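Enquirer: This structure is in structure tokens; I'll ask about it shortly.
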Amino acid sequence: MAITEKELEELFEKMPKKMEKNRRKHIMIKNGELESQAIEANTRTVPGVITNRGCAYAGCKGVVLGPIKDMIHITHGPIGCAFYTWGARRNKAKTEENVKNFMNYAFSTNMQEKDIVFGGEKKLAAMIDEVVDMFHPNAITISATCPVGLIGDDINAVAKAAQERHGIQVLAFSCEGYKGVSQSAGHHIANNNLMANVIGTGDMEKAPGKYSINILGEYNIGGDSWEIERFLKEIGYNIVCVMTGDGAWEHIRNAHVADLNLVQCHRSINYIAEKIQTKYGTPWLKVNFVGVQSTIKSLRDMATYFDDPELTKKTEEVIERELARVQPVIDQYAKICNNKTAFCFVGGSRGHHYQGLFRELGIETVLAGYEFAHRDDYEGREVIPDIKTDADSKNIPDFQVEPDPSRFHLRMSPEKMEELKQKIPLGDYAGMNLEMKDGDLIVDDLNHFETEEFIKLLQPDIFASGIKDKYVVQKMGIPAKQLHSYDYSGPYAGFNGAVNFARDVSMAFASPTWNYITPPWKTAPLLEGEFGEGGKA
Amino acid sequence: MLDYTPKEIKKRSSGTVINPAKTCQPIGAMYAALGIHGCLPHSHGSQGCCSFHRMHLTRHFRDPIMASTSSFTEGASVFGGGANLKTAIKNVFTLYNPDVMAIHTTCLSETIGDDIPATIRQAEIPEGKIVFHANTPSYQGSHITGFSNMTKAMVTYFSEKTTEQPKEQTNLIPGFVNPGDMRELKRIFEAMGLTYIMFPDTSGVVDSPMTGKFEMYPKGGVTIDQLKDTGNSKITLSLGRFSSEAAAEALKKKCKVPFISLKTPIGIKATDDMLMALRGSFAAEVPYELEEERGQLVDVMTDAHFHFHNKKVAIFGDPDIVAGLTEFVLSLGMKPIHILTGTPGGALGSKMYSFEDEINDMLQSAGITANVKADSDLLELHQWIKNQPVDLLIGNTYGKYIAKAEDIPFVRVGFPILDRAIHSYMPIVGYRGAMRLLEMIDNALLDRADRDAADEDFELVM
Ligand code: SF4
Ligand code: SF4
């Protein structure tokens, strides 16, 4: 079932005027015949609209910094912000030898009224002293929450002084929740600081071996990154660091030595990918390890990049073996899923990534969108020059990097690069829209009002989004799959992940519990029954 | 698990928190507002707060938690959020059509100093619709304070005294408890034959049934008419002084309704106290139905006493819940030796009867010395436990890290519980609730004994 222009018009008409004007730009029906179809993204949500979006702090501390396990992440602000980002995101981390793991801890300066009035700098400094004394971390981050910017605490100065006092790195992130329009601003703020102060500070001068890579924008939710690493290592890749799932400051410092950066979640990490390329010459490749076919394609693209017959051979061996192992299992599950439709509305990359995996199960995505992506995540990076900066994007300072005089080196000739770019998404992301069919709906920053309306119109069989929608949708009798937390399952990436996902989605369809929604007395006529002989009615 | 927590306790004087045992005001306010029928809570601040609060409440209740936000950007935080709020009010009524919109503030709007009442006065509010607010700055108190502030706002905005003579009805303020507890309280009141107005009442809202249809405003919740009528009640029963007493006091001030402040009725003694208070105020006899339940509770307490007598317990969580739990485990003959809350301990800013005093009084009469602290964190609780081990830990989900690190049986009670389902439907208040708590405690201890028993000591009958 596809939506008609008329139905969409009717929906817009139900909105208040100003909102209607705004939302028209964020909603479109895919039409491949048009030369280009622009969508508005990364602009303000209209107040009062029930959005799924969070804030810059969530994007900075919650998404990008939080998973770095060997740093102590201090939240400077009142208690709530730190509390909510404690352990709830499922970014798993293992303790390694010589690498500490502070994942079970939450640190908050717990600002009180007097700190708001007189400033919280002293308290922040005192907390740093206490945690250094107690935990001896190698490095510390400070993330500011809403009131901090307003009261004028200079967290950079506090960080600098603490760094001198303790001789360890202390980084300050001004990611107050009101910056930008969503988590996206926080990704950018985190990227900038990691790039400026962490990446490239390690001592390594050379890659630790052949085929050295970093995995960027992979957060190890439910163990995704471990599954990806499993087959990458088997093929022969050397993983220098992951940003930031199960990531370590110790490793990220040496990110400069890798020969290729893989970019999984483009939205949250593309700034780092670009800047590493400028500063150290490392190209980046857009990959997608969600879904069997996307995983295979990503592996082949990587082999194409390194262009080594040995590596290609090993890649194909692993692909063949894994495929033979998982495909039959997935096919069994697909029988339950076949011919169904899905809505897929997730953060900044999964709205796209999961469509392929759904398709492998015979599920067509009929509505997709992102909570906090930018136009390039929809339309492809070629639109970047056309994206207008506005008041909200301007307040995220960007900074320029220069090629590093000693460490910059080209991984291949410019000609070879150009040649490769024709074959693989090197330094490029073509966006989500390309993959969608004509007639599909693309919605940016989907809100609750539209969720209800679109479900009525399109009646999807499954709705993939987050916790805030989940039970809304389930109450309608429609299975809902959390694609931020995987409903506490996973991994969903790679070959094993695809099997897990197929299992979980079929379970959502096959659960007998759906059969009990209507009580029997709602469908049976009320008879004035008499008890017959033998106790039968 | 929590590998770096040192056993040695060094005084931390910075007032900062490591592994919190509290969260911020707005989430409590949002929860309280959901206890009004047809109400949409609104978070006046940037989107993140609202998103976090909805996420955590949704995880705890596994039910839709709807709330809107003023979506502040940098501009709003410089020039004030009045314009955002006006737009939000307009859009909320057009798009989501609630009967009531309950605004709470956030750190951001409080720091800016937005004047909410002034904005409400200037806003376009459709005929017959209601907008009210509570100030909930998170740099004071905790989520319990936020719950208390929103509950109090229900009184200051709505309660009216319109009858000469008070009506034969009770205002029942249940405090920050689950809808399962609220249902149980209502059942007890009905068994006593009493008329009551419970507020807030989240039963039927955050434990709504599966019907195949999503209702943005489910059947439950106290109505605005009922809230108005609270001014005519004969008496107010405030359960849990940290979450309920401020509203009871406001009612007394505004409408001269006297109040009785009691513990959250967790356990036998607190439930006895509640029934005695009702009996005394309304000359209503306690029916056999409840007396029988009480008798059953005492029966099982006695039957199984050797399972838990003298066992050492650590308890943490919200002050009203912790006070009730402490009293209950004492009545079981257990030894609560570490008792902690993250919420600051003075009763709503007054220094009258602090959390610590209340707990220490109970412990003293039982002859137990213990670590007791308000305004503290789970790092400190863990350190206490490292120095003086316990047989059982009781608290919210976040206790699971400590329970695993120290290999202690763990009973989940309180808010939030994110890793177990169904709990919010099941009461811990009243005699039945006490029986359920006792079963959880008993099973946790016995499961552990089974797990640890050598084959030759493995018992069939226990
Ligand atoms: S900014 Fe304040 S209100 Fe918002 S989540 Fe943080 S502590 Fe809570
Ligand atoms: S999917 Fe989503 S967009 Fe990307 S940061 Fe989260 S987790 Fe990323």
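Chains S and G supply the protein sequences, listed in that same order. When the letters of the first sequence are read in order and numbered with the numbering used here, they come out as residues 213 to 749. When the letters of the second sequence are read in order and numbered with the numbering used here, they come out as residues 359 to 820. Built from N, CA and C at the ideal position, the CB exists for glycine as well. Note that this is a predicted model, so its numbers are computed, not measured.
Does the beta carbon of G/Arg373 fall short of 6 Å from some heavy atom of ligand 1?
Expert: In the sequence as presented, Arg is not what sits at residue 373 of chain G; that position holds Gly. Not so, every heavy atom of ligand 1 lies at least 6 Å from the Cβ.
Enquirer: Does the CB of S/Lys306 have a neighbour CB from chain G at under 7 Å?
Expert: So, not an interface residue.
Enquirer: Let me confirm a value: G/Trp742 is counted as buried when at least 16 other C-beta atoms fall within 10 Å, else exposed. Which label applies?
Expert: buried
Enquirer: Strictly below 8 Å CB to CB, what residues from chain G border S/Asn607?
Expert: The contacting residues are Glu432.
Enquirer: Any contact between the segment 718-728 of chain S and the segment 545-555 of chain S? By contact I mean 3 or more CB pairs, one from each, below 8 Å.
Expert: yes
Enquirer: Report buried or exposed for G/Asn449, applying the criterion of at least 16 other Cβ atoms within 10 angstroms of its Cβ.
Expert: buried
Enquirer: Mind checking whether G/Cys397 and G/Thr464 have CB atoms under 7 Å apart?
Expert: No. Outside cutoff.
Enquirer: Please list, in chain order, all residues of the same chain as S/Lys734 whose beta carbon is under 6 Å from its beta carbon, the five residues on each side excluded.
Expert: none
Enquirer: G/Ile385 to G/Phe505, Cα distance in whole Å?
Expert: 8 Å
Enquirer: Straight-line CA distance for G/Gln480 to G/Gly439?
Expert: Going by the C-alpha atoms only, they are around 13 Å apart.
Enquirer: For G/Gly772, collect the residues of the same chain with a Cβ closer than 7 Å to its Cβ; drop the 5 residues on either side in sequence, then sort them by chain order.
Expert: Gly675, Asp676, Ile679, Gly753 and Asn754
Enquirer: Cβ-heavy atom distance between S/Cys358 and ligand 1 below 6 Å?
Expert: yes
Enquirer: Is any heavy atom of ligand 1 found at a distance shorter than 6 Å from the C-beta of G/Thr520?
Expert: Not so, every heavy atom of ligand 1 lies at least 6 Å from the Cβ.
Enquirer: Would the C-beta of G/Cys382 count as close to ligand 1, meaning under 6 Å from any of its heavy atoms?
Expert: Result yes, Cβ under 6 Å from ligand 1.
Enquirer: Just verifying my parser: in three-state terms, what is the DSSP assignment at S/Lys748?
Expert: With a pLDDT of 49 at S/Lys748, under the threshold of 50, the modelled position of that residue is not reliable, and no figure is offered here.
Enquirer: Please indicate yes or no: does the CB of S/Gly299 lie closer than 6 Å to some heavy atom of ligand 1?
Expert: no
Enquirer: Look at the alpha carbon of G/Ile474 and the alpha carbon of G/Asp539, and state the distance between them as a whole number of angstroms.
Expert: Whole-angstrom Cα-Cα distance: 33 Å.
Enquirer: Assign G/Thr514 to one of three DSSP states: helix, strand, or coil.
Expert: helix
Enquirer: Does S/Lys748 come within less than 7 Å of chain G when only Cβ atoms are used?
Expert: Residue placement at S/Lys748 cannot be trusted, given a pLDDT of 49 that sits under 50; what the coordinates show is reported in the next sentence. It does not; no Cβ of chain G falls within 7 Å.
Enquirer: Anything in the segment 406-426 of chain G with a Cβ closer than 9 Å to a Cβ of chain S? List those residues in chain order, please.
Expert: Gly406, Cys407, Cys408, Ser409, Phe410, His411, Arg412, Met413, His414, Thr416, Arg417, Phe419, Arg420, Asp421, Pro422, Ile423, Met424, Ala425 and Ser426
Enquirer: If we ignore side chains and look at the alpha-carbon of each, how far apart do G/Met634 and G/Glu643 end up?
Expert: 9 Å
Enquirer: Classify S/Ala749: buried if its beta carbon has 16 or more other beta carbons within 10 angstroms, exposed otherwise.
Expert: Low confidence applies to S/Ala749: its pLDDT is 44, below 50, so where it sits in the model is not reliable enough to give any reading.
Enquirer: Interface residues of chain G around S/Asp604 at Cβ under 9 Å?
Expert: Thr431, Glu432 and Gly433
Enquirer: Output yes or no for whether 7 Å exceeds the beta carbon distance between G/Gly700 and G/Pro378.
Expert: yes
Enquirer: How long is the line joining the alpha carbons of S/Ala318 and S/Lys304, rounded to whole angstroms?
Expert: 15 Å
Enquirer: For S/Gly493, would you say it is in contact with chain G, using Cβ-to-Cβ distances shorter than 7 Å as the test?
Expert: Not flagged as an interface residue toward chain G: S/Gly493, since no C-beta distance is shorter than 7 Å.
Enquirer: In or out: G/Arg790 buried (at least 16 other Cβ within 10 Å) or exposed?
Expert: buried
Enquirer: Rounded to whole angstroms, what's the CA-CA distance from S/Met455 to G/Met720? Just pull it up for me.
Expert: So the alpha carbons of these two residues sit roughly 51 Å apart.
Enquirer: Between S/Val754 and the rest of its own chain, which residues show a CB-CB distance below 6 Å, the 5 nearest in sequence each way excluded?
Expert: The requested residue 754 of chain S does not occur in the structure, where chain S is confined to residues 213 to 749.
Enquirer: Does any residue of chain G bring its CB to less than 7 Å from the CB of S/Met231?
Expert: Closer than 7 Å to some Cβ of chain G, the Cβ of S/Met231 qualifies, so yes.
Enquirer: For S/Ala268, I'd like the list of residues in its chain whose CB is within less than 6 Å of its CB, leaving aside the five on either flank, ordered along the chain.
Expert: Cys387, Gly389, Lys391, Gly392, Ala397 and Gly398
Enquirer: Could you pull the DSSP bridge partners for G/Pro378 from this structure?
Expert: G/Asp735
Enquirer: At a threshold of 6 Å, does S/Gly392 count as lining ligand 1 (C-beta to nearest heavy atom)?
Expert: No, Cβ of S/Gly392 sits at least 6 Å from all heavy atoms of ligand 1.
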